[in-house]
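Numbering (the working numbering), first residue to last: 3 to 473.
The beta carbon of each residue, even a glycine, is placed where N, CA and C say it ideally should be.
Let me begin by presenting the structure, written as structure tokens, before commenting on it.
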Amino acid sequence: MGLGPRPARIRAPTTRADPFPGVGPGGRVDEQSQRITVWLEEQLGGRVTQIVRQPRWRPVWFADLERDGEAQALCVRGERSDADIGFSLEHEMRFQRVLEEHGIPVARVYGWIDEPRAYVMDRVEGRNDFAESSIEERRSVMDEYMQVLARIHALPPEPFEKAGILRAKNPRDSSVVGMRRYEEFYRRSKRQPDPFLEFCLAWLSRNPLDNHGREAPVVWDSGQFHHQGGQVTAILDLEIGHVGDPMMDLAAFRMRDTVIGFGEFPQLYQRYAEITGTPVDVAAIQHHHLAFTLTNQLAFHAALAAPTPESDFMTNMQWCSETNLFAVEALAEILDMELPEIEAPPPRDSAAAVAHAHLVASLRGLDAGDPYVQHQIRIAFRLARHLQRADEVGDALAAADLDDIAEVTGRRPGSWREGDAALEDFVLEDAGRHDEALVGLFHRRLSHYKMLLGPPGSAMARHLPIQRFRS
């Protein structure tokens with residue numbers, strides 16, 4: 003789940019950052035790495051020769067284990083620190099294990115660690131993008147990936163249910179059981195008005211999908227896999243896998259396509275239909291695409307409203323800004339609306355401009371000499387650029403948003419906070435009477451939000467085009 007500004011190769015460092023496992027920069031002991039090392043050596047045998055935490059928003063460790071004269075590359079996948087998406091890490095591990103038992107190419111699971119909460123699996127070779135692939139190689143990989151999805155969808159749901167995997171009581175609810183889990187968490191953790199999310203959830207409720215009783219294991223957050231030599235080596239990141247509607251897996255990776263590039267979706271769907279012998283339900287795919295665009299905002303609403311110290315605020319903000327725009331674009335396509343380009347206001351002459359520029363330049367020039375610490379500096383750099391941009395155009399964008407609210411509701415709120423509350427109240431009471439006007443309003447509003455992430459043209463502030471359902 004989640005989209006970064008650009009694709010990246012996921013791999014472990016080939017050399018050790020420090021002379022001993024679990025020792026961080028300056029000799030600081032990393033207690034979590036030490037605990038993992040002890041677990042690996044006690045449970046799997048052998049000796050850990052290297053353990054390195056991946057520099058990213060989620061706790062993941064790469065470990066090299068030597069036993070019986072052979073080296074084994076392992077991945078230790080930890081629990082999210084800033085969002086409870088309703089699917090536990092244990093649920094993810096069990097789903098992956100059942101797939102493995104049925105011959106699906108996934109990383110082999112070795113077991114669960116209680117502290118830190120994590121599970122251990124093989125580290126898989128290959129790339130997660132096509133940056134170095136020919137068109138022919140990409141076509142070969144994607145053909146195999148569609149075959150793997152078809153194999154997953156052909157598996158019986160019962161072994162998954164027996165393993166404790168989420169499954170609707172009625173197959174006709176398979177298309178919504180995952181979204182209901184997300185929404186339950188959002189309702190429990192909601193911190194402030196979220197008018198766009200409430201608008202979209204209400205629209206989905208008013209326009210339910212008929213899934214014709216389809217039910218199968220789904221990965222849901224599709225398009226995540228490693229490949230090597232023109233072949234899929236493993237399906238990855240199965241954290242929201244459950245028993246759902248197979249059309250969900252044909253929808254979700256449309257967003258990830260904007261940074262990976264999987265090929266033309268009509269051709270991929272045609273190939274899936276050839277493999278399964280069943281036509282794809284394009285209307286259902288379009289519905290599931292809209293629903294899936296909301297999962298970042300559902301998951302990170304609370305983390306953005308009240309971030310914890312370890313939260314990667316800017317990554318969460320970037321993901322939500324991008325996928326929320328995908329959502330409003332999806333609604334516009336369903337409603338047959340064309341959305342205009344939104345122009346940014348000119349930056350104001352601010353007394354704080356010099357200080358902001360100095361902070362950004364200072365953070366840009368820092369070299370920590372440690373990948374994980376360097377990643378934390380990068381987070382701070384992006385946050386500084388967001389604050390700089392907010393100082394330049396934030397007041398103008400907030401005023402434009404309030405003007406938009408006044409045009410729809412008939413009253414101009416006195417502040418952005420009052421505006422959020424008034425707009426949420428309006429969409430909840432409106433019940434679809436002003437859908438087109440609200441889609442236009444939210445498109446402008448979300449475009450403004452995107453502009454605040456960084457300077458114009460930067461990776462954080464750039465919105466990537468997504469393949470449309472209609473050419």
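* Below 7 Å CB to CB, which residues in the same chain sit around Gln-45 once its five sequence neighbours on both sides are set aside? => Gly-113
* Just the Cα atoms here: how many angstroms apart are Leu-399 and Arg-447? -> 8 Å
* To do: Go through its chain and collect everything with a Cβ distance to Pro-349's Cβ below 7 Å, but skip five positions before and after it.
  => Glu-394 and Val-395
* Asked: Since Leu-67 is in the beta strand (DSSP E), which residue starts that stretch and which ends it?
  -> 62–69
* Residue nearest to His-303 in terms of C-alpha spacing, selected from Gln-194, Val-410 and Gln-288 -> Gln-194
* For Gln-233, which three-state DSSP category applies? -> strand
* Asked: Is Phe-227 helix, strand or coil when you go by DSSP?
  -> strand
* **First through last residue of the beta strand (DSSP E) which encompasses Gly-246** => 244–246
* Euclidean distance between Cα positions of Ile-262 and Phe-132 -> 7 Å
* Quick one: what does DSSP say Ile-115 is sitting in, helix, strand or coil? -> strand
* Rounded to the nearest angstrom, how far is the Cβ of Glu-163 from that of Gly-88, given a contact under 8 Å? -> Not quite, the Cβ-Cβ distance comes to about 17 Å (not below 8 Å), so this is no contact.
* Could you check which residue in Ser-35, Ile-237, Asp-427 and Arg-58 has the C-alpha nearest to that of Gln-52? => Ser-35
* Leaving out five residues on either side along the sequence, give the residues of the same chain with a beta carbon under 7 Å from the beta carbon of Leu-270. => Met-144, Met-148 and Phe-264
* Asked: In chain order, what residues of the same chain lie with their CB nearer than 6 Å to the CB of Trp-41, ignoring the 5 residues before and after it?
  -> Ile-115
* Asked: Going by the beta-carbon positions, is the gap between Gly-232 and Ser-142 smaller than 8 Å?
  -> yes
* 4 or more residues per run - each alpha helix (DSSP H) lying fully within the region 281–317 -> 284–295 and 297–307
* **Per-residue DSSP class, three states only, for Met-123** => strand
* Asked: To the nearest whole angstrom, what separates the beta carbons of Met-250 and Phe-328, a pair I think is in contact under 8 Å?
  -> Contact doesn't hold; Cβ gap of about 16 Å is too wide.
* Asked: Where Gln-288 and Val-78 are concerned, what is the direct C-alpha to C-alpha distance, given to the nearest angstrom?
  -> 35 Å
* Apart from the five residues on each side of it in sequence, which residues of its chain come closer than 8 Å, Cβ to Cβ, to Ile-277? -> Met-148, Gln-149 and Ala-152
* Asked: What's the gap between the Cα of Thr-411 and the Cα of Gln-378?
  -> 42 Å
* Going straight from the alpha carbon of Leu-455 to that of Arg-129, what length do you get? -> 28 Å
* For my contact list, His-244 and Val-179 are in at a C-beta cut-off of 8 Å; report their separation, rounded to the angstrom. => 7 Å
* To do: Go through the region 158–207 residue by residue and report every complete run of the alpha helix (DSSP H) that reaches 4 residues or more, in order.
  => 160–164 and 179–191
* **Inter-residue CB distance, Ile-468 and Glu-343 (contact presumed, cutoff 8 Å)** => Between Glu-343 and Ile-468 the Cβ distance is about 15 Å, and since that is not below 8 Å, they are no contact.
* Hey, out of Glu-266, Ala-334 and Leu-389, whose CA is closest to Ala-359's CA? -> Leu-389
* Asked: Asp-432 to Arg-169, Cα distance in whole Å?
  -> 33 Å
* To do: Leaving aside the five residues before and after Ala-308 along the sequence, list all residues of the same chain whose C-beta is less than 8 Å from its C-beta, in chain order.
  => Arg-193
* Tell me whether Gly-371 is buried or exposed, calling it buried when 16 or more other Cβ atoms sit within 10 Å of its Cβ. => exposed
* Asked: Around the C-beta of Ala-85, are 16 or more other C-beta atoms found within 10 angstroms, so that it is buried, or is it exposed?
  -> buried
* To do: Return the chain-ordered list of same chain residues with a C-beta closer than 8 Å to the C-beta of Thr-235, the five sequence neighbours on each side being excluded.
  => Pro-107, Val-126, Glu-127, Gly-128, Phe-227, His-228 and His-229
* To do: Using DSSP bridges, identify the partner residues of Cys-77.
  => Phe-64 and Met-123
* To do: Report the partner residues of Glu-72 according to the DSSP bridge assignment.
  => Arg-69
* First through last residue of the beta strand (DSSP E) which encompasses Ala-218 -> 218–220
* Since Arg-49 is in the beta strand (DSSP E), which residue starts that stretch and which ends it? -> 49–55
* In chain order, which continuous runs of the alpha helix (DSSP H) of length 4 or greater are located wholly inside the region 315–347? -> 315–336
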